[in-house]
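Here the structure comes first, spelled out in structure tokens, and everything after it is commentary.
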Amino acid sequence: MRQHRIAAIGGDGIGPEVIAAGCRVLEATAAAQGGFSVAFETFDWGSELYRRTGKMMPEDGLKALEGFDAIFFGAVGAPDIPDHITLWELRLAICQGFDQYANVRPTRLLPGVRGPLREDLGRQIDWVIVRENSEGEYAGVGGRAHRGLPIEVAMDVAVFTREGVARICRHACEVAMSRPRKLLTVVTKSNAQRHGMVMWDEVCAEVTAQYPALTVDKMLVDAMTARMVMKPGTIDTVVATNLHADILSDLASALAGSLGIGATGNIDPQRRRPSMFEPIHGSAFDITGKGIANPLGSFWTAAMMLDHLGEPAAAQRLMRAVEVVTARGDVLTPDLGGNATTDQVTQAVIAALSGAN
Ligand code: NAI
Ligand code: MG
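Following UniProt numbering from start to finish, the sequence shown increments by one per residue and tops out at 357.
In structure tokens, the structure reads:
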């Protein structure tokens with residue numbers, strides 16, 4: 001029997017609540033599907049550890065994660081610690097340390113969920129956004145000088161490397177090719193940013209030319225936001241820079257109904273080191289400890305992770321169980337207009353797993 005070893009890092013706020021629910025659902029999925037098992041090791045890294053030790057994760061944290069098949073991650077962020085510390089010292093430390101250069105985010109309006117768009121438009125949303133996750137605007141290159149003086153200056157330098165652009169575009173082409181429509185939109189801003197974005201366009205054109213079966217179009221990022229709202233059905237797979245895709249994917253998740261549902265993978269397509277899967281939401285201090293966090297984002301995340309681990313049938317089974325529950329509509333958390341608890345939704349999905357074949 002195949003065994004998948006998973007590092008579970010709940011992190012902060014509702015992170016540990018939804019990851020615990022996700023681990024239960026993963027075990028139930030493995031049991032229902034058969035053929036494989038999942039083994040979890042839990043790491044209590046995050047803001048609590050930071051308050052005690054001044055570190056979000058131990059010095060040798062990456063080493064501890066190296067041997068796992070995947071990482072299942074909750075969220076980071078605490079009201080009393082600056083966000084750039086929690087983010088850079090845990091989540092980004094893993095993404096960058098393991099060179100998880102492709103951030104992949106599927107978006108769909110699940111059955112029974114109402115999004116903000118007109119029903120006929122909302123139902124057309126079926127996208128995968130592929131975000132460059134290792135460089136670009138978030139490369140962390142820059143600095144501040146003359147601190148506190150009237151002449152103070154601050155710079156963030158966007159870094160685009162030929163290989164960095166080529167590899168994310170190749171992965172986006174592979175994702176697009178694996179989907180029925182074989183349609184890829186390259187998002188850019190080369191009208192205004194005339195160095196990095198122009199090279200981005202050139203390299204993406206070279207890479208996409210190697211996939212003759214793909215239909216490729218190019219879109220300026222500002223126009224892309226309008227297209228996502230006005231003509232969602234014209235979009236399938238999207239590739240964009242770190243910053244652009246960050247913004248587009250938040251728009252995508254809002255159009256899909258709730259922040260509590262979306263999932264994402266931080267992937268190393270070469271599989272040199274473990275990839276990391278996480279619900280898109282943050283630590284949600286306002287509902288932490290109340291037992292009402294929506295666990296569906298964690299379940300969708302778990303399904304993406306199963307797919308990556310080579311268990312596509314189990315992944316589909318889990319997504320069908322999630323959809324059975326959303327379609328029924330009577331066991332939903334408050335963010336989706338219901339009054340169920342995290343635990344009740346988890347139990348409903350586990351029950352649906354044995355029904356969904
Ligand atoms: P957030 O996603 O934590 O919360 C935004 C709103 O959505 C809140 O009203 C929250 O209650 C609700 N919400 C989020 N997830 C939910 C779920 N599963 N079920 C029900 N309701 C849910 O974003 P916010 O408030 O901007 O950030 C809070 C903290 O989280 C900050 O410290 C931020 O830096 C961090 N954060 C971390 C992320 C990560 O670890 N990947 C991503 C986004 C934010
Ligand atoms: Mg974001």
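The C-beta atom is built at its ideal place from N, Cα and C for all residues, glycine as well.
To the nearest angstrom, how far is the alpha carbon of S178 from that of H171?
Residue 178 sits at position 178 when you count from the first residue of the sequence shown. Residue 171 sits at position 171 when you count from the first residue of the sequence shown. When only Cα atoms are considered, S178 and H171 end up about 11 Å apart.
Taking all protein chains shown into account, decide if T53 is buried (16 or more other Cβ within 10 angstroms of its Cβ) or exposed.
Position 53 of the sequence shown, counted from the first residue, corresponds to residue 53. Exposed is the call here.
Which runs of the beta strand (DSSP E) fall wholly inside the region 107-152 and span at least 3 residues, in chain order?
126-132, 136-145
Is M319 helix, strand or coil when you go by DSSP?
Taking the first residue of the sequence shown as 1, we reach residue 319 at position 319. Note: M319 maps to helix in three-state DSSP.
CB-CB under 6 Å to I280, same chain, minus the five flanking residues each way: which ones, in chain order?
For this step, residue 280 is matched to residue 280 along the sequence shown. Result list for I280: S253, G262, T264, in chain order.
For the ligand NAI, which residues have a Cβ under 5 Å from at least one heavy atom, in chain order?
A75, V76, G77, D83, L259, G260, H281, G282, S283, A284, D286, I287, A293, N294, D335
Contacts around P269, its chain only, beta-carbon distance under 7 Å, and the 5 residues preceding and following it disregarded:
Locating residue 269 in the sequence shown gives position 269, counting from the first residue. Answer for P269: A102, H171, listed in chain order.
Please go through the same chain and pick out, in chain order, the residues whose beta-carbon is closer than 6 Å to the beta-carbon of G11, but skip the five residues on each side of it.
What you label residue 11 is simply residue 11 of the sequence shown in a count that begins at 1. The residues are G46, G74, A75, V76.
Looking at the unbroken alpha helix (DSSP H) that takes in K63, where does it start and where does it end?
For the purposes of this step, residue 63 is taken as the residue at position 63 of the sequence shown. Element bounds for K63: 61-66.
May I have the straight-line CA-CA distance separating A28 from I6, to the nearest angstrom?
Here residue 28 is taken as the residue at index 28 of the sequence shown, counted from 1. Here residue 6 is taken as the residue at index 6 of the sequence shown, counted from 1. C-alpha separation (whole angstroms): 15 Å.
Can you tell me where the beta strand (DSSP E) holding S37 begins and where it ends?
To locate residue 37, count along the sequence shown from 1; it is residue 37. Element bounds for S37: 36-42.
A20 in three-state terms, based on DSSP:
Your numbering for residue 20 matches position 20 in the sequence shown. Helix.
Going by the CB atoms, is the gap between T346 and A70 shorter than 8 Å?
The residue you call residue 70 lines up with position 70 of the sequence shown. The residue you call residue 346 lines up with position 346 of the sequence shown. Cβ atoms of A70 and T346: not closer than 8 Å.
Measuring alpha carbon to alpha carbon, tell me which residue in N191, W127, G329 is nearest V239.
Locating residue 239 in the sequence shown gives position 239, where the first residue counts as 1. V239 has its Cα closest to that of W127, out of N191, W127, G329.
Reduced DSSP secondary structure (H/G/I, E/B, other) of T341:
Along the sequence shown, one-based indexing puts residue 341 at 341. Coil at T341, not helix or strand.
Could you please give me the residues that DSSP links to L296 through a beta bridge?
Against the sequence shown, residue 296 aligns to sequence position 296. Paired residues: none, contrary to the question.
Can you tell me whether A356 is buried or exposed? The criterion is at least 16 other CB atoms within 10 Å of its CB, across all chains shown.
Position 356 of the sequence shown, counted from the start, is the residue given in the question as residue 356. Unreliable positioning characterises A356 in this predicted model, as indicated by a pLDDT of 48, which lies under 50. A coordinate reading is not provided.
Is it the case that the region 50-64 contacts the region 85-103, given that we only count it when at least three CB pairs across the two stretches are under 8 Å?
Because the criterion of three Cβ pairs below 8 Å is met, the region 85-103 and the region 50-64 touch.
Look at the alpha carbon of T342 and the alpha carbon of I19, and state the distance between them as a whole number of angstroms.
For this step, residue 342 is matched to residue 342 along the sequence shown. For this step, residue 19 is matched to residue 19 along the sequence shown. Whole-angstrom Cα-Cα distance: 11 Å.
Take E41 and list the residues in its own chain whose beta-carbon comes closer than 6 Å to its own, dropping the five residues that flank it on each side.
Residue numbering aside, residue 41 sits at position 41 when the sequence shown is read from its first letter. So the list reads A7, once near-sequence residues are dropped.
For L26, which three-state DSSP category applies?
By one-based count along the sequence shown, residue 26 stands at place 26. If DSSP states are grouped into helix, strand and coil, L26 belongs with the helices.
Would you call the region 153-168 in contact with the region 193-203, where contact means no fewer than 3 C-beta pairs closer than 8 Å?
yes
In this structure, does DSSP put M177 in helix, strand or coil?
Here residue 177 refers to the residue found at position 177 of the sequence shown. In the structure shown, M177 sits in a helix (DSSP, three-state: H, G or I).
Proximity of V349 and V38 at Cβ, strictly below 8 Å
Within the sequence shown, the letter at position 349 stands for residue 349. Within the sequence shown, the letter at position 38 stands for residue 38. Cβ atoms of V349 and V38: not closer than 8 Å.
Determine the burial state of V113: buried for a count of at least 16 other Cβ atoms within 10 Å of its Cβ, exposed for fewer.
Numbered from 1 along the sequence shown, position 113 holds the residue referred to as residue 113. Looking at its Cβ environment, which holds 16 or more other Cβ atoms inside 10 Å, V113 is buried.
Extract the residue ranges of the beta strand (DSSP E) inside the region 157-240, only unbroken runs of 3 or more that lie entirely within it.
Assignment of beta strand (DSSP E) within the region 157-240, counting only whole runs of 3 or more residues, yields 183-188, 215-220, 237-240 in chain order.
L109 and A256 look like a contact to me (Cβ under 8 Å); what is the Cβ gap, rounded to whole Å?
Residue 109 sits at position 109 when you count from the first residue of the sequence shown. Residue 256 sits at position 256 when you count from the first residue of the sequence shown. Rounded, the Cβ-Cβ distance is 5 Å, consistent with contact.
For P82, name the three-state secondary structure that DSSP assigns.
Position 82 of the sequence shown holds residue 82. Coil, per DSSP.
So I247 is in the alpha helix (DSSP H); what residue range does that whole segment cover?
Taking the sequence shown and counting its residues from 1, one reaches residue 247 at position 247. 242-255 is the span of the alpha helix (DSSP H), which, as asked, contains I247.
Report all residues from its chain with a CB closer than 7 Å to the CB of L259; omit the five preceding and five following residues, and keep chain order.
As a working note, residue 259 is residue 259 in the sequence shown. Residues S253, I280, H281 of the same chain have their beta carbon placed closer than 7 Å to that of L259, with the five preceding and five following residues left out of the count.
Taking just the CA atoms, how far does D330 sit from N339?
Locating residue 339 in the sequence shown gives position 339, counting from the first residue. Locating residue 330 in the sequence shown gives position 330, counting from the first residue. Those two C-alpha atoms are separated by around 9 Å.
Considering only residues of the same chain and omitting the five flanking positions on each side of V216, which have a CB-CB separation below 6 Å?
If you number the sequence shown from 1, residue 216 lands on position 216. Cβ neighbours of V216 beyond the five flanking positions: L184, T208.
Quick check on F285: does DSSP put it in helix, strand or coil?
Here the question's residue 285 lines up with position 285 in the sequence shown. Looking at F285 - three-state DSSP - the assignment turns out to be helix.
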